[in-house]
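Data first, discussion second: the structure below is written as structure tokens.
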């Protein structure tokens, strides 16, 4: 079972970049640091089989990307779903935009976009990329007129596959589509699962760059699960999830 989590707040791990040091106490003219949009302290999820993750301390800020790094099976997906308000933790504290979870989970989850998670929100294979995006527009009550859907897809580098069915998309384009759908409705935060599955390192790097651009230009707090150290280093900060026995 998955075990220990280390975060930048706990000290250097040797694999993940650190958050800038809080210098608010260095002088009266220093501005107060922005509060994290997603904030976890001592977060844990335990099942009958053991801990999925535990002792998670994590801050995710608007305009930045935080990588959750760990081996497959370390609990990354479950942690991201918890941060998004889709799973209920069994211990610790979690705040999303100032809302306390799980007590205010229903309110919080409306502010956090969800990328594609295998087995949870898989897209129907016969849908085109445009149809999938339009369904999200409809869900949020957004107008799909005047090429709004196409414009959204183009922003994410999907203009050339708008009419392509999900089953015919490359793994890289499908990953982009999942991210694009997460940002319909302009969420304050987004969580994105595997950006490496069936992709080359170059393609995964492209997705990390896309997430960084989205975080900056859309002023969103982004958390993304990764395995490779090189990808984690592309994020603004990183938390490491270790499997039991590591």
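In full-length UniProt numbering, the protein residues as written are 1 to 246.
Backbone N, C-alpha and C define an ideal beta-carbon position, used for all residues, glycine too.
{"query": "Beta-bridge pairing of residue 44 - partner residues as DSSP gives them", "result": "91"}
{"query": "Nonlocal neighbours in the same chain, by C-beta distance under 7 Å from residue 84, ignoring five residues either side", "result": "109, 112, 114, 191"}
{"query": "Exposure of residue 232, with buried meaning 16 or more beta-carbon neighbours within 10 Å", "result": "buried"}
{"query": "Residues bridged to residue 59 [DSSP beta-bridge criterion]", "result": "39"}
{"query": "Assumed close pair residue 44, residue 91 - CB separation to whole angstroms, cut-off 8 Å", "result": "4 Å"}
{"query": "Bounding residues of the alpha helix (DSSP H) (the contiguous stretch that carries residue 109)", "result": "Segment: none, residue 109 is in no alpha helix (DSSP H) and carries neither H nor E."}
{"query": "DSSP bridge partner residues for residue 239 (one or two, in chain order)", "result": "68"}
{"query": "Burial state of residue 106 (16 or more Cβ within 10 Å)", "result": "exposed"}
{"query": "Which of helix, strand or coil DSSP assigns to residue 165", "result": "strand"}
{"query": "Whole alpha helix (DSSP H) elements within the stretch 163-234, 4-residue minimum", "result": "171-182, 201-217, 229-232"}
{"query": "Assigned secondary structure, residue 141 (DSSP; H/G/I helix, E/B strand, else coil)", "result": "coil"}
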